[in-house]
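Chains as they are written, first to last, in the working numbering: chain P, 3 to 501; chain Y, 1229 to 1407. Beta carbons are placed, not taken as given, at the ideal position from N, Cα and C, and that holds for glycine. Since this is a predicted model, take the numbers as computed values, not measurements. Notes follow once the structure below has been shown.
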Ligand code: SF4
């Protein structure tokens, strides 16, 4: 596709364009472009510039600290890290997912649905809806949730309340909205009381209705901007994620399924405990984020995308009626086996919101969530692997411990990492299709940021801020001299900076 | 109406939990919007770079870019607030402080499971990592500290309401008492 733009053949005499400060993706990131004398893009990269070192500093800690430590890695979806780590340490105490007490399993699922609901609602309403409602090139003073609350009060307030509901589900199950302590090795530390359940049940129908409304809204937005929404930043890729045994959409526990761009199955029902046999990660010198790929297809062809688009593409059906109807409509829109439109991430994200709201209702009506059999224990093991579908995609946690229960090795593949190549390719697609050969202008900068934002990369609020902050672009020639400096102001205007 | 209070926020080496907690004021956001105008902030991004009344900093300082952003905030904000454990004492990311940085990098990029093309990323585009993660008060003067991991939505609400009302912010015990 656009791989040839990763590294320019001859770097000499190319102009370097930096989109910086801080398109924080998984921490902090930036985009660099190298242009030739005709402004043709020769190289485009999304660099992730932050490094944490978690895999090392976690060594030496007792394993039972993991679920509460890891959620502080990234807090857009702390519950996902909490649960992936919990699934891993279940195995350390000898419990596989099938042996988890039924009540604990359902409480964890409830917690996870609350999490996915709040995270997706946050991304759509608080972060993306301003662009989608006002337009990518609308006045920047419009592009924020407050403006949405002013101009589209109904949509904005529904968004705030949908997220609030997700957060309240989390609070009821884990004690706190952020960094609660629900999951422990082999189960959960509490179940729901009747009062807690009734408190959530009171609102759930309203949430389902609003979720259905948001799916209708994104469909309308998508379809009234064709072919732009189908083509923008679009790349044809493989997709990977968990599915249930019968092929249904699954967020908490399942086997790995991967499909190629035509919809052919690469892998199915693969036991994630053997993930290291099928996924390796390549390091590149210019970014702290690694590049995972399927070993069977190799580095060049084996990369894949994860997240809502991957899940909806991969699954055979969704097991809640309204979300399933929405999925069928979504598939009909494209007419092909796989949907590759990068902006369709938004659409599928909202289908999942609806699925979560429906599933929360089902679980709230299930007496098992008030059960008292919450923890199981088996024989100690020395390695535990937990995999979950986080809002942004498949999340892998893998830990080894010694005889004193101390962590000796850790390996994490976080969701956004799996989309690393996808985001880079989308940036290159936009660079090649929408800006190559052009003067540096405001739409150029906006387009790059819109492409990245569609993936809802972790720390997406920060990513969202690209271009919202005054964005400075420098043109530097191959000798490192700055030849041009442009500044995008808060009102979106581009001005030339004099030194 | 009096001029709105200008608030800027940023995340350095943090997890964004503090920002999420600010959003947890839920519908009170409408009320807040009446009194506050957000400057640089990843959350609401009503944007323009300029002098601000309040700067809320989440996260400690782990690389040269963090230092740069932090200094810029100090320069522009009348009142600078260290929000959350990471900004106040380094938090979870500072767990790497007792390990040589090189070992951390090796673990991820050289000795990691299934790592191909093993090498430590070294491109000049990547900002220099500091060998330790620092609390922000080691770099700039801090006016207020908002404890918690994260501080609860009510802490943000109480702090901002006090400033809006022109009072000295004070956090009652139940707002700084955790778990
Ligand atoms: S203080 Fe806690 S919630 Fe805030 S950034 Fe640090 S880890 Fe996250």
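Which full runs of the alpha helix (DSSP H) of 4+ residues lie inside the stretch 113-201 of chain P, going along the chain? 131-136, 147-153 and 155-176
Which residue marks the beginning of the alpha helix (DSSP H) containing residue 411 (chain P), and which one marks its end? Locating residue 411 (chain P) in the first chain gives position 409, counting from the first residue. Unbroken run through residue 411 (chain P) is the beta strand (DSSP E), 409-415; no alpha helix (DSSP H).
Residues in the stretch 35-59 of chain P having any Cβ partner in chain Y nearer than 9 Å: 47, 49, 50, 51, 52, 53, 54, 55, 56, 57, 58 and 59
State the CB to CB distance for the pair residue 1249 (chain Y) and residue 1384 (chain Y), rounded to an integer number of angstroms; the pair is presumed to be in contact (CB under 8 Å). Residue 1249 (chain Y) sits at position 21 when you count from the first residue of the second chain. Residue 1384 (chain Y) sits at position 156 when you count from the first residue of the second chain. 7 Å between Cβ atoms; contact.
Using the three-state DSSP reduction, which class does residue 276 (chain P) fall into: helix, strand or coil? What you label residue 276 (chain P) is simply residue 274 of the first chain in a count that begins at 1. Three-state result, residue 276 (chain P): helix.
Determine whether the Cβ of residue 1299 (chain Y) lies closer than 8 Å to any Cβ atom of chain P. The residue given as residue 1299 (chain Y) occupies position 71 in the second chain. No - not a single Cβ of chain P is within 8 Å of the one on residue 1299 (chain Y).
Cross-chain neighbours of residue 289 (chain P) in chain Y, by beta carbon under 9 Å: Here residue 289 (chain P) is taken as the residue at index 287 of the first chain, counted from 1. Result: 1349, 1351, 1353 and 1354.
Specify whether the stretch 316-328 of chain P and the stretch 348-356 of chain P touch according to this definition: at least 3 beta carbon pairs, one from each stretch, less than 8 Å apart. yes
Where residue 285 (chain P) meets chain Y, residues with beta-carbon distance less than 9 Å: By 1-based counting over the first chain, the position of residue 285 (chain P) is 283. Here the neighbours are 1336, 1337, 1338, 1340, 1343, 1344, 1345, 1346, 1347, 1348 and 1349.
Find the nearest neighbour of residue 42 (chain P) within the set P:59, P:16, P:58 and P:55, judged by alpha-carbon distance. Locating residue 42 (chain P) in the first chain gives position 40, where the first residue counts as 1. For residue 42 (chain P), the nearest C-alpha among the options comes from P:16.
Taking the continuous alpha helix (DSSP H) assigned at residue 1331 (chain Y), which residues delimit it? Sequence index remark: in the second chain, residue 1331 (chain Y) carries index 103 (1-based). Run containing residue 1331 (chain Y): 1329-1337, per the alpha helix (DSSP H) assignment.
Should residue 1320 (chain Y) be listed as close to ligand 1, given that the test is whether its C-beta is under 7 Å from any heavy atom? Along the second chain, one-based indexing puts residue 1320 (chain Y) at 92. At least one heavy atom of ligand 1 is nearer than 7 Å to the Cβ of residue 1320 (chain Y), so yes.
Just verifying my parser: in three-state terms, what is the DSSP assignment at residue 1326 (chain Y)? In the second chain, residue 1326 (chain Y) corresponds to position 98, counting from 1. Residue 1326 (chain Y): helix per DSSP, three-state reduction.
For residue 1290 (chain Y) versus residue 1370 (chain Y), is the C-beta distance shorter than 8 Å? Counted from its first residue, the second chain places residue 1290 (chain Y) at position 62. Counted from its first residue, the second chain places residue 1370 (chain Y) at position 142. No, these two residues do not count as a Cβ contact at 8 Å.
Applying a beta-carbon distance threshold of less than 8 Å, which residues of chain P neighbour residue 1403 (chain Y)? Looking up residue 1403 (chain Y) in the second chain gives position 175. The contacting residues do not exist; residue 1403 (chain Y) stays about 14 Å from chain P at best.
Using only alpha-carbon positions, find the residue among P:249, P:151 and P:56 that is nearest to residue 1327 (chain Y). Locating residue 1327 (chain Y) in the second chain gives position 99, counting from the first residue. Minimum Cα distance to residue 1327 (chain Y) is reached at P:56.
Taking the CB atoms as reference points, tell me whether residue 1287 (chain Y) and residue 1240 (chain Y) lie closer together than 8 Å. Position 59 of the second chain, counted from the first residue, corresponds to residue 1287 (chain Y). Position 12 of the second chain, counted from the first residue, corresponds to residue 1240 (chain Y). Yes. Within cutoff.
List the DSSP bridge partners of residue 509 (chain P). With chain P covering 3 to 501 only, the question about residue 509 (chain P) has no answer from this structure.
Spatial neighbours of residue 62 (chain P) within its chain, please: CB distance less than 8 Å, with the 5 preceding and 5 following residues excluded, ordered by chain position. As a first step, residue 62 (chain P) must be located in the first chain, where it is residue number 60. So the qualifying residues of the chain are 408 and 409.
Could you tell me the distance, in whole angstroms, from the CA atom of residue 248 (chain P) to the CA atom of residue 378 (chain P)? Indexing the first chain from 1 puts residue 248 (chain P) at position 246. Indexing the first chain from 1 puts residue 378 (chain P) at position 376. Rounded to whole angstroms, residue 248 (chain P) to residue 378 (chain P) spans 27 Å at the Cα level.
So does residue 179 (chain P) have its beta carbon nearer than 7 Å to some heavy atom of ligand 1? Within the first chain, residue 179 (chain P) is the residue found at index 177, counting from 1. Incorrect: residue 179 (chain P) has no Cβ contact closer than 7 Å to ligand 1.
Select from P:93, P:124 and P:6 the residue whose C-alpha is nearest the C-alpha of residue 459 (chain P). Taking the first chain and counting its residues from 1, one reaches residue 459 (chain P) at position 457. The shortest C-alpha separation from residue 459 (chain P) is found at P:124.
Classify residue 1242 (chain Y) as buried or exposed, calling it buried when 16 or more other Cβ atoms lie within 10 Å of its own Cβ. Position 14 of the second chain, counted from the first residue, corresponds to residue 1242 (chain Y). That one is buried.
Can you list, in chain order, the residues of the stretch 1249-1265 of chain Y whose Cβ is nearer than 8 Å to any Cβ on chain P? 1249, 1251, 1252, 1254, 1255, 1257, 1258 and 1261
So with Cβ pairs under 8 Å, would you call residue 1363 (chain Y) a contact of chain P? Within the second chain, residue 1363 (chain Y) is the residue found at index 135, counting from 1. No, residue 1363 (chain Y) does not count as interfacial toward chain P.
For the beta strand (DSSP E) containing residue 435 (chain P), name the first residue and the last one. As a first step, residue 435 (chain P) is located in the first chain; it is residue number 433 there, counting from the start. That residue, residue 435 (chain P), is in no beta strand (DSSP E); it is neither H nor E in DSSP.
Using 8 Å as the threshold, is the C-beta distance between residue 1401 (chain Y) and residue 1309 (chain Y) below it? By 1-based counting over the second chain, the position of residue 1401 (chain Y) is 173. By 1-based counting over the second chain, the position of residue 1309 (chain Y) is 81. Cβ distance not < 8 Å, so residue 1401 (chain Y) and residue 1309 (chain Y) don't count as in contact.
On a CA-only basis, which of Y:1294, Y:1306 and Y:1285 is nearest residue 1316 (chain Y)? Give me that one, please. Translated into positions along the second chain, residue 1316 (chain Y) becomes position 88. If we check each option's Cα against that of residue 1316 (chain Y), Y:1285 comes out closest.
Taking beta-carbon pairs under 7 Å, can you tell me which members of the stretch 1321-1332 of chain Y lie near chain P? 1321, 1323, 1324, 1327, 1331 and 1332
For residue 85 (chain P), which of helix, strand or coil comes out of DSSP? Looking up residue 85 (chain P) in the first chain gives position 83. Helix at residue 85 (chain P).
Note down, in chain order, every chain Y residue with its Cβ under 7 Å from the Cβ of residue 169 (chain P). Translated into the one-based positions of the first chain, residue 169 (chain P) becomes position 167. Under the 7 Å cutoff, chain Y gives 1252.
Would you mind working out which of P:134, P:439 and P:213 sits nearest residue 226 (chain P), comparing C-alpha positions? Here residue 226 (chain P) refers to the residue found at position 224 when the first chain is read from its first residue. Of P:134, P:439 and P:213, the residue nearest in Cα terms is P:134.
Reducing DSSP to helix, strand and coil, say where residue 347 (chain P) ends up. For this step, residue 347 (chain P) is matched to residue 345 along the first chain. Reduced to three states, the DSSP call for residue 347 (chain P) is helix.
Can the beta-carbon of residue 350 (chain P) be found closer than 8 Å to that of residue 310 (chain P)? As a working note, residue 350 (chain P) is residue 348 in the first chain. As a working note, residue 310 (chain P) is residue 308 in the first chain. Closer than 8 Å, so yes.
Excluding the five sequence neighbours on either side, which residues of its own chain have a C-beta within less than 6 Å of the C-beta of residue 282 (chain P), listed in chain order? Counted from its first residue, the first chain places residue 282 (chain P) at position 280. Cβ within range, chain order: 297.
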